[in-house]
Structures are given as structure tokens and as C-alpha cells.
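Counting with the working numbering, you get residues 652 to 1459 for the letters of the sequence shown. For reference, the structure discussed in these notes is given below.
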Amino acid sequence: MASSTPAPCPAKGQALLEAMRRHLFSSQAKSASLATTHDHYVCLSLAVRDILLTSWVDTVDTYTSQHVRTATYMSAEYLLGPHLENNLVSLGLREEARAACEALGLTLEEMLAEEPEPGLGNGGLGRLAACFQESMATLELPAIGYGIRYEFGIFRQQIGPTGQMESTDPWLARGNPWEVIRPEWSYPVVIGGQTVIGVAYDTPILGYGVHTANTLRLWSAQAPDAFDFASFNAGDYTRAVLHKVQSETLSKVLYPNDELEQGKRLRLSQQIFFVSCSLQDMFRILGSQGIPVTEFHRKFAVQLNDTHPAIAVAELMRLLIDIHGVDWDTAWGITTATISYTNHTLLPEALEAWGLELFQQLLPRQLQIIFEINARFLRTLRIRFPGQPDLLERLSLIEEGPHRKVRMAHLAVVGSHTVNGVAELHSRLLKENLFSEFAQVWPERFTNITNGVTPRRWLAVANPPLAELLNDVIGTDWCRHLDQLKQLEPLATDASFLERWQGVREQAKERLAATIRQDTGVLVDPSSLFDVQVKRIHEYKRQHMAALQVVERYLRLRAGEDLPPRTVIFGGKAAPGYAMAKLIIRLIVGMAEIINIDPAMDGRLRVVFLPNFSVKLGQKIYPAVDLSEQISTAGMEASGTGNMKMSLNGALTIGTLDGANIEIRERVGDDNFFLFGHTAEQLAAINRNGYHPMPWLENDALAKEAIDLIGSGHFSEGDRDLFHPLLANLCSSDPFRVMADLGDYRRAQNEVDGAWCDAGRWSMMSVLNTARCGFFSSDRSIQEYADRIWKVAPVPVNSCSVIPQPSP
């Protein structure tokens, strides 16, 4: 059943054009002769926002009048990406917007390039939260997203000869046409004896092809008073504004470096700030709808996105007991019936634990409540498990020792009715390892919901040529029901379809090649294999293993081996305080400098590090990937979503049995996935027997040669010391078992080379990867949350506005 994309509607395009002209005068106060490209971007955004405002207001009215049960998603991160094109796709107005821009002598691409990206997230956690918000609206589920309106988001990354350099990301410098300030919804939060006011900034999150537009509510910190009038009159102007500056620091920057004590204070302060504002807002909604406080858990399902909002357990108890006069037992029943917790990491060091002294200074009342929760919890454990004091110590919310700490993950588990992991392996390891004893106490509390990604952002917006091809051959329903992609399977052996498929892929690779040239100056061959690893830089994700493989390939090519041309593309940010991750970037940059100018390569190998990886850049990268590098140490990646985005767009994966790789491989088929490496169970056995990397290295001449070349200063202008910490780490402790997996990784890469040389086979495998990825839609993930955890039902919104039937 084929269905073509509807032709653009001239009347709608004309209406957009008139709205843009109106906003140029009424919102920008400019004439056409003085308007900049950015002015026109703002006008187009406001014109689009005008269209969805009716749906937004009607959605709120519907939820309010029907007293619907509402999912509230608490996340410290939202990596939203640009709004304009996503909203145009959801409204079915992309081509009409293009026509309106052309009537003004502009292009839609110019408008889209003008939109600053809200850098409110660090990586997969924040991007998942953004996908989930869009899916909740598309599925017509009553929901509110809560977070922080960081004035400066994740840093901007520049790549120079010394590797990563950071600068501020002033994404709000020129305003944000998508948000609406709500000063009437402001709440006080007491932190360390000082009061800070949280002011709501709302952004509509429009569903695809429906009238539902849910709200993302982000909190901005303000001081109760603009300045201290007495100090100002006394001439002490610095003291007069000191509290204002200190208060507004809370929403200044995403994730301050918490290696220093001041960074820890700020992060904990940020967490209580947005959690308290959000919970107070829920109580306001409760009161406005005339619902008793004791029905809080029937009105709201609160989802904690990782441990950052875990303080919600203590804060909800405080608000119920201290502000609303609810007794302890009733309050605890409400709290545990309301809250559920998603864990996103198996790394113990990533589970937040705050020093007791710091907690006492900043949140003394919440600490009292945590002590009481812990006392009651331990009492029940003593009754159920008598004579096991070690068990009590391990499960306690308080970590004992010279520096006592509050274990936030333990607080989240104890205070939730459901704890979920985000891939089958991750959820199993949570129950067997990280939270094994909690799972013995409450086996029914633990479950799995595998992550997903929205097909609107990551296919319809990111890859229009592929979306058009899908519309032509399987109809347009795939964009809401991604399992419709399975209709592609019979076409995987159709020569005429494969020719069209390859044409789409070539367009994407040419577009990325142009971006690489523009951003880095490196010329790459679009016909070469694009081997891509773009994600947060971290040792467990093993970018350094991919780098070693590139050095090995370099050595093999120099030795005369005939290997197919390959372009290896890296991207991602390292936390500013993470020295080893930054050193990995420096190695990749050094490799690129040498390999890309070595005449012996003759175009057969190129290395690229794309700076400032973001949603915008991801939209150009993911459609162009031939080989998706998902090579984390087995048992350490919770899920991954980059793996899903690449596979959805036709990439083949080389990866370990880790995170969602396992489920991707199960669905796309063993023959369409390049598997390597030890399993989590095998690594556990190796670790029990005592792991040392040197025996692996001594038996691998090529790996040793690669490490020696790096150590010789070949990629560091003769500096033999620069990469010593990285090489010493690999050759001594090797905490992420690079050496144990490197040989098998090489074998799998050789398989990749063989498959790539058979163009017909590769195209067939590419089609099957897309065809079998329907499971990895965030719509499916959210439906599982709604059905199994939140118990939230769809609530269609009837609006007087007309939403055009969208087509991707």
C-alpha cells in the first residue's frame, strides 16, 4: 500500500507568510529592510507557535476539566534539540513554511540554521527525556515535564591541537520564541537557610498529528528581592546584589564540576530547587482542581529520571507532613504510591551520594526525614532478616565510615513503588548485582522498560529523503506506528528498491561530507565506509579502543595490506574535569593530524573528530552512518540510544553484548550485526580470577605495535610523555578490559571489510536494520510506562484549531 506525500497547500503557506510579516512588525518592531535572518527565524517560529497555541490551551483546559491522572517526568536534563522543524513536521507544514520563506527571498534551511540549540542536557539521559516528552504528547497522554532552565547549557566544545577546549553556551542570548514565562507560578525553596524563588518557563511539546500539546515546565532561579536596599543606600553595592547573584547561580549552568566542594553544593542545591518547585506546582494543580491532598498519588505519577531528582522522596514527605498536615504513615503511603524510579547506570561511582555534613548545612529538615525513613526501613529489615547486621549496613540509606553519606539511589529505591532499568541486560544486572539485596526484599518492585527514540526527530526530521522513500513504498503510517517498517523486509532483495535506497544513503553521506569539510577542513570520500562513534566521551564507552583499531589499520595499510577505504568519525564531549576522557580526544586529534596528511594513505583512511556534538549535528550524522560503533564494556552501558538512531537510519552495528545492543541484534538478526567481545558473565569470571592486561598484549603483536607507535610520540609531535597516562592505564589496570576484547574487535572489523566489499549484500543488510527496528520507538517505551507503571490513559483533546494531517 503506497501513499505519496500530499502536495503543499498554498493557502496555508500564504497564511504563514502573512503571520511572519505581522510578527516582524508586532513582535520584532522592524521593517523588512532592516530585518536580519534571525529576525525572520523568530517571526517564523512565532507564526508556528501561534498555530499550536490553541492546541496547547485546549490541552490544559481538557486536563483541568476532566481531573485526569497525569504523569510528571522529573529530569535534570532535557536535550531538546531545535523546535522549529520538529513542530513543522508534527503540524504537516514543512513545505508550506518553505514556500513562505521563499516568498521573502529566504530559504527554510537558513531559518533552521538560525535556531540556537537548548543545551540543557549532557547526552543520552537528556535526549531520552526529550524523546519521551514528544512521545507522551503523540500518544495523547496527560503529562508535564519538569526540569531547570539553565541560562548556560552544556559547554560549547572547540577542538584544537591540544584537544578539547570549553567555552560557555549562551543559548538564551537572543531570546527563545518557544517559551512563555509564568511569573504567577513561582515557589520559594529554602536552601541553607536562604530562600530562592523558582519561576516557571513553559514550552509547548506538540504531539505528531494530534491536538495534544503537553507542557515542559523549566524553573529559573531568582532572589526574593532584587537587591538589599539598606546595603545599597549605605553604598555597599556589591553586598546589595550578592543574594540575587547567589540565587540566580542555581539555574546558571548545567552540571557544574563537582570535584570541588562548591560544585557539590551547587549540584545538590540545583536538585532540591527544581524538585521542590515541581512538587509545589503539583500541589497547586491539586488545589486548583479541588482534589484533596490525600489523593495526590491518584492524580500524579512522578517518574524520577535517574538519581538526580531522588530528593523528591524526602521533599514530598516534607510537604505532606509540614505544609499539609498529613500524618507520617499516610504521607509515606502517598509518597511510595506516587514515585517510580528509572536507573540509568551500573557504575557505582555514578550513583550520587552526598556528604552528611553538606546535606545538614543545606537541607536539615529533609535530612531529618531521611533519617526517619531509614530508621523505619531498617526496623522492617531486622524483623524480616534477623541476625544480619551486614545486610542492614549495605542497604541503609546512610553510608557509614569516616565520611558518612546519604545514598541517593537507595533513597530512590526505598521511596518508589517501581524501579526500572532501560534494557533487558541492564535490568537483569540491576537485580543481580547493583540492587540485588533490594530485589530480594521487594522482587515485585523491579522491572525493565527498554529505551526508544522518536521516529519524528530521528527519521522524519533528520532524514527527509528516507522519509519520502518510506512514504512512497509503505505509506505514511510508520511515523506513528514504527513497527510498520517491517513492510520493508520483502524489498531487501528488490534490485530497483535497493537502487533507490542506496541513492538516499548517498545523499546523506554527501551532506555529512560537506559538514565535515565546513567544520574541520578535512576532505572525505562519501563513497568510503563511514565508521562512526559519536557519544559522550567516557572510558567505558571505549573510544580509546576504537582509536587503537584505527592505529592498527594505519599500520596495516602502511605495510601494504589492501583494505577498503574508510572514514572514521568521532564526536562527543568529555566532562571538563575528566582528564582521561580529554586525553582520549587529544589522541584522536593527534591521529587525525598525522593520518590525514600521510601520502601512504592515499585516501584509504581518514580520521575526523567533529566538534561540539549536539542534536543538530546528530541529525546530519545519523542518516549517513554505515557502521555504528557500540563497543562499550559488556555490562556497563545501561542501554544506549545512539545505537537505535543509527540502526533506524540503515546503519549496521559493530558491538558487544551490552545494553540495548543485545535486543537490536535479536531483532535485526545475527547475520546483520557484527558481534565481538566478552559477555558480562565472561568478564565477571575473568575479574574473579584476577585480570591483568599484559598477557593479552604480549600475545598480540599488532596491538603492541600500535601502542608502541603512540608511545613513541608519532601522534604527539614527538612528545613521548603526553599519552603516557592513557597507555599506562591500558597496560597496567585496564579497568574497562580493552586489551581483553581488542583482538576479537579486530576480527569483527575484518568481517566488516569483507561485507562492505559486497555492495549488494551491504545494502540488503542496511534495509533489514531499518525494517526490524520498529520496536525501538520511544512511543513503545512510553506506552509501557503508561500501562505498567504510571497507569495513565490517553485523553484525546478536541480543539477548534485544524491540525493538518502530517506526512513525514
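In this text, a Cβ means the ideal position worked out from N, Cα and C, and glycines have one as well. These numbers come from a predicted model, not from an experiment.
query	result
Per-residue burial, S655 [other beta carbons within 10 Å of its own, 16 or more giving buried]	Here the model assigns S655 a pLDDT of 44, short of 50, so the residue's position is not dependable, and the following value carries that caveat. Its Cβ having fewer than 16 others within 10 Å, S655 is exposed.
Span of the alpha helix (DSSP H), counted from its first residue to its last, around G664	661-677
Residue range of the beta strand (DSSP E) that includes V1443	It is not in any beta strand (DSSP E) - V1443 carries neither H nor E in the DSSP assignment.
Buried/exposed call for M1345, threshold 16 Cβ in 10 Å	exposed
Top-ranked residue by Cα proximity to R1055, from A1004, I810, A1210	A1004
Contact check, G804 vs T1292, beta carbons under 9 Å	no
Given 8 Å, three or more beta-carbon pairs between the segment 1193-1201 and the segment 1377-1396	yes
Beta-carbon proximity of T705 to I795, cut-off 9 Å	no
DSSP three-state assignment for V977, whether helix, strand or coil	coil
Exposure label - I1034; buried when at least 16 CB within 10 Å	exposed
Segments assigned beta strand (DSSP E), at least 3 residues, entirely inside the segment 1144-1195	1180-1185
Complete runs of the alpha helix (DSSP H) confined to the segment 772-805 [at least 4 residues]	775-789
Whole alpha helix (DSSP H) elements within the segment 1326-1361, 4-residue minimum	1331-1339, 1345-1349
Supposed contact pair K1082 and L1009 - C-beta distance, whole angstroms, cut 8 Å	Rounded, the Cβ-Cβ distance is 31 Å, inconsistent with contact.
Cutoff 7 Å; reference D1385; Cβ partners in own chain excluding five residues on either side	P1344
Where R641 falls: helix, strand or coil (DSSP)	Nothing about residue 641 can be reported from this structure: the residues present for the chain run from 652 to 1459 only.
Through-space distance from W707 to D701, alpha-carbon basis	10 Å
Cβ-based burial, P1053 [other Cβ within 10 Å; buried from 16]	exposed
Closer than 9 Å to chain B by CB, Y852	Structure shown: chain B not included; a single protein chain is present.
Reference R1255, options F934, G844, V847, P1177, closest by Cα	P1177
Cut-off 8 Å between Cβ atoms - residues of its own chain near M652, not counting five sequence neighbours on either side	Any answer about M652 is weak, because its pLDDT of 38 lies below 50 and its placement is not dependable; what the coordinates show is given next. I1125, G1126.
R1371 burial status per 10 Å Cβ neighbour count (16 or more: buried)	exposed
According to DSSP, residues forming a beta bridge with D853	V831, R868
Cβ shell of Y729 (< 8 Å), same chain only, five flanking positions each side left out	P769, L771, G772, G777, A780, A781, Q784, G796, G798, L867, L869
Extent of the continuous beta strand (DSSP E) run through N994	Per DSSP, N994 belongs to no beta strand (DSSP E) and is neither H nor E.
Three-state class that DSSP yields for P875 in the structure shown	coil
Identity of the residues DSSP links to P839 by a beta bridge	I848
L1107 versus L731, V841, P812, L1014, residue with shortest Cα-Cα distance	Sequence check: residue 1107 is Arg here, not Leu. Closest by alpha carbon: L731.
Rounded C-alpha distance that separates D820 from F806	5 Å
Uninterrupted beta strand (DSSP E) stretches inside the segment 995-1036 (no shorter than 3 residues)	1004-1006
L599, buried or exposed, once every other Cβ within 10 Å from all chains shown has been counted against 16	Beyond the ends of the chain as shown, which are 652 and 1459, falls residue 599; an answer cannot be given.
Cβ neighbour criterion (16 or more within 10 Å) applied to E669	exposed
DSSP three-state assignment for F1462, whether helix, strand or coil	Because residue 1462 is not part of the residues shown, which for the chain are 652 to 1459, the question remains open.
Integer Cβ distance of A641 from E1140, believed to fall under 8 Å	Nothing about residue 641 can be read from this structure; the chain reaches only from 652 to 1459.
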